[in-house]
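In my numbering, the protein residues as written are 201 to 647.
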């Protein structure tokens with residue numbers, strides 16, 4: 201949907217702070233709270249892997265920033281790719297990403313249930329599947345009230361989820377000042393190897409999906425050519441700094457094996473060096489973080505679905521808006537799909553369901569990143585005014601190499617899942633081409 205079309209629906213636009221909260225809030229979901237334990241077996245390989253992933257994600261952020269500057273009025277990633285690589289490529293990349301987002305929503309709803317039961321034990325009496333369904337429906341309802349409502353909730357939950365991160369950083373600084381020897385008392389013994397770095401990088405990458413969040417609702421952003429690049433880069437840099445601190449402090453202060461065995465590494469750290477019994481309160485912030493990410497991804501999948509429908513590659517009914525300018529049909533349909541996936545995933549255990557959905561969702565996001573890197577390279581060749589420098593080509597090349605590295609690191613099974621999702625979208629694309637009207641579509645170049 202173009203900016204003019206969006207304005208016709210009368211909705212208010214979202215600005216810098218909401219877009220920045222989308223980036224931070226969607227990237228920092230629930231994985232960060234268990235990530236130190238997942239990375240502990242790799243020792244210092246984990247910190248090197250984090251360095252690679254965070255550098256790669258900053259490059260990705262730069263790619264989306266430059267694309268937003270070069271093509272501010274095309275409606276986001278679909279327009280970026282369709283203008284440079286063609287409609288079919290844009291559809292396949294966005295179809296795979298679209299599926300990954302509502303898969304992510306089902307994973308988040310599933311994960312939040314586990315933590316809310318820890319905080320409020322009486323909730324354990326509720327059937328977990330229906331509890332997760334209820335949370336999903338509640339966030340869909342918030343987004344149906346308009347982008348300002350969901351944006352306000354996103355800012356609030358982002359601020360709240362950063363509080364435990366700040367507590368970890370302050371605790372680390374306090375220990376450094378009062379007992380610096382604690383940082384060298386039991387350093388990780390795992391040797392640094394290429395295989396260890398690659399494996400740690402793959403795990404870390406799972407926690408960084410969402411760096412593109414400010415660009416997806418581009419049609420709803422105020423002054424997208426300026427707002428999206430700023431919010432994307434600020435959000436990426438702040439997220440990178442947060443991840444480095446909260447990963448390094450537990451790794452250096454807790455024995456390697458003990459950290460690897462911890463189910464709640466931040467709670468272990470706080471109880472060891474700060475306040476006993478803080479684990480339950482931390483679980484509350486994990487739940488808040490998950491709810492914030494679920495809200496942000498719900499907003500994004502609604503906007504993404506509407507954009508694809510407006511461009512004629514999904515049924516036109518999905519582009520319908522309500523009085524608040526919200527893509528009501530898109531939100532209801534994607535909510536129903538995520539709800540169905542929640543029901544299917546509960547045939548597994550809670551943890552295995554969350555892990556499975558996260559791995560598939562991550563692999564399915566990578567084609568979008570690859571195509572956006574290639575799109576930037578095409579704009580450089582065309583000498584687009586915002587992409588004419590040699591630095592642009594370097595950024596695009598590094599982005600493509602990073603995504604290839606990520607595909608290799610994710611392994612064979614998630615890669616095959618991603619290919620399967622792409623192939624599954626081809627029949628719908630063929631059907632929509634047959635039914636497409638002769639008139640021009642929104643936000644893309646005519647074929």
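Heads up, the beta-carbon is just placed ideally off N, CA and C, and yes, glycines get one too.
None of these values were measured; they are calculated from a predicted model.
Q: Work out the CA separation of residue 622 and residue 406 for me, nearest whole Å.
A: Walking along the chain shown from the start, residue 406 turns up at place 206. Walking along the chain shown from the start, residue 622 turns up at place 422. Answer to the nearest angstrom: the Cα atoms are 20 Å apart.
Q: Under 7 Å Cβ to Cβ from residue 578, same chain only, skipping five residues before and after it: list those, please.
A: Position 378 of the chain shown, counting from 1, holds the residue named residue 578. Contacts found: 284, 285.
Q) Should residue 475 be labelled buried (16 or more other beta-carbon atoms within 10 Å of its own) or exposed? A) By one-based count along the chain shown, residue 475 stands at place 275. That one is exposed.
Q | For residue 343 and residue 494, believed in contact at Cβ under 8 Å, the rounded distance | A | Locating residue 494 in the chain shown gives position 294, counting from the first residue. Locating residue 343 in the chain shown gives position 143, counting from the first residue. Not confirmed; about 10 Å, so no contact.
Q: Count the other C-beta atoms from every protein chain shown that fall within 10 angstroms of the C-beta of residue 252, then say buried if there are 16 or more, exposed otherwise.
A: Position 52 of the chain shown, counted from the first residue, corresponds to residue 252. Residue 252 is buried by the Cβ-count criterion.
Q | Neighbour-count burial assignment, residue 379, 16 or more Cβ in a 10 Å radius | A | Taking the chain shown and counting its residues from 1, one reaches residue 379 at position 179. So residue 379 counts as exposed.
Q | For residue 253, the three-state DSSP class (helix, strand or coil) | A | On the chain shown, position 53 is the one that residue 253 refers to. In this structure, residue 253 counts as helix in the three-state DSSP scheme.
**Q.** Neighbourhood of residue 581 by C-beta, 6 Å cutoff - its chain only, sequence neighbours within 5 removed
**A.** To locate residue 581, count along the chain shown from 1; it is residue 381. Once the five neighbours on either side are set aside, residue 581 has no close Cβ partner at all.
Q: Answer with buried or exposed for residue 503, where buried requires no fewer than 16 other C-beta atoms within 10 angstroms of its C-beta.
A: One-based indexing of the chain shown puts residue 503 at position 303. Its Cβ being crowded by 16 or more others within 10 Å, residue 503 is buried.
Q: Whole angstroms is fine: what's the gap from residue 361's alpha carbon to residue 634's?
A: Looking up residue 361 in the chain shown gives position 161. Looking up residue 634 in the chain shown gives position 434. Computed Cα separation, rounded: 47 Å.
Q.
Please return the same chain residues whose Cβ sits closer than 6 Å to the Cβ of residue 530, not counting the five positions on each side in sequence.
A. Within the chain shown, numbered from 1, the residue matching residue 530 stands at position 330. Sequence-distant partners of residue 530 (beyond 5 residues in either direction) whose C-beta falls short of 6 Å from its own C-beta, in its chain, are 502, 505, 506, 518.
Q. Looking at the structure shown, is residue 281 part of a helix, part of a strand, or coil, going by DSSP?
A. In the chain shown, residue 281 corresponds to position 81, counting from 1. Three-state result, residue 281: helix.
Q) Name the DSSP beta bridge partners of residue 411, please? A) Numbered from 1 along the chain shown, position 211 holds the residue referred to as residue 411. Answer is none; residue 411 lacks a bridge partner.
(Q) According to DSSP, simplified to helix, strand and coil, what is residue 421? (A) Here residue 421 refers to the residue found at position 221 when the chain shown is read from its first residue. Correct three-state label for residue 421: strand.
**Q.** Bridge-paired residues (DSSP) for residue 214
**A.** For this step, residue 214 is matched to residue 14 along the chain shown. In the DSSP output, where bridge partners are listed per residue, residue 214 has 421.
Q. Given 8 Å as the limit, is there contact between the stretch 394–402 and the stretch 234–248, that is, 3 or more CB pairs closer than that?
A. With the cut-off at 8 Å, the stretch 394–402 and the stretch 234–248 touch.
Q. For residue 455, which three-state DSSP category applies?
A. On the chain shown, residue 455 is found 255 positions in, with the first residue counted as 1. Residue 455: coil per DSSP, three-state reduction.
Q. Would you say residue 595 and residue 570 are within 8 Å of each other, going by their C-beta atoms?
A. Position 395 of the chain shown holds residue 595. Position 370 of the chain shown holds residue 570. Cβ distance not < 8 Å, so residue 595 and residue 570 don't count as in contact.
Q) Using the rule of at least 16 other Cβ atoms within 10 Å of the residue's Cβ for burial, across every protein chain shown, is residue 262 buried or exposed? A) The residue you call residue 262 lines up with position 62 of the chain shown. Buried.
Q: Grab me the residues of residue 300's own chain with a C-beta within less than 6 Å of its C-beta, minus the 5 sequence neighbours each way, in chain order.
A: Residue numbering aside, residue 300 sits at position 100 when the chain shown is read from its first letter. For residue 300, where only same-chain residues beyond five positions count, the Cβ hits under 6 Å are 561, 564, 565.
Q: For the alpha helix (DSSP H) holding residue 607, just list the boundary residues, first then last.
A: Stepping through the chain shown from its first residue, residue 607 is reached at position 407. Note, residue 607: alpha helix (DSSP H), 590–610.
Q) With C-beta atoms as the reference, is residue 465 less than 8 Å away from residue 236? A) As a first step, residue 465 is located in the chain shown; it is residue number 265 there, counting from the start. As a first step, residue 236 is located in the chain shown; it is residue number 36 there, counting from the start. Their beta carbons are under 8 Å apart, which means residue 465 touches residue 236 by this criterion.
Q. Does the beta-carbon of residue 412 have 16 or more other beta-carbons within 10 angstroms, so that it is buried, or is it exposed?
A. Position 212 of the chain shown, counted from the start, is the residue given in the question as residue 412. The residue in question, residue 412, is buried, as its Cβ has 16 or more Cβ neighbours within 10 Å.
Q) Quick one: Cα of residue 232 to Cα of residue 447, how far? A) Position 32 of the chain shown, counting from 1, holds the residue named residue 232. Position 247 of the chain shown, counting from 1, holds the residue named residue 447. Spanning the two alpha carbons is a distance of roughly 8 Å.
Q: Counting only the same chain and skipping the five closest in sequence on each side, list residues whose C-beta sits under 6 Å from that of residue 418.
A: The sequence position of residue 418 within the chain shown is 218, counting from 1. Answer for residue 418: 275, 276, 424, listed in chain order.
(Q) In the DSSP assignment, the alpha helix (DSSP H) including residue 625 goes from what residue to what residue? (A) Here residue 625 corresponds to residue number 425 of the chain shown, with the count starting at 1. Run containing residue 625: none; DSSP gives neither H nor E here.
Q. So is residue 620 buried or exposed if we call it buried at 16+ other beta carbons inside 10 Å?
A. Here residue 620 is taken as the residue at index 420 of the chain shown, counted from 1. Residue 620 is exposed by the Cβ-count criterion.
Q: Please state if the CB of residue 229 and the CB of residue 490 are separated by a distance shorter than 8 Å.
A: As a working note, residue 490 is residue 290 in the chain shown. As a working note, residue 229 is residue 29 in the chain shown. A contact, by the Cβ cut-off of 8 Å.
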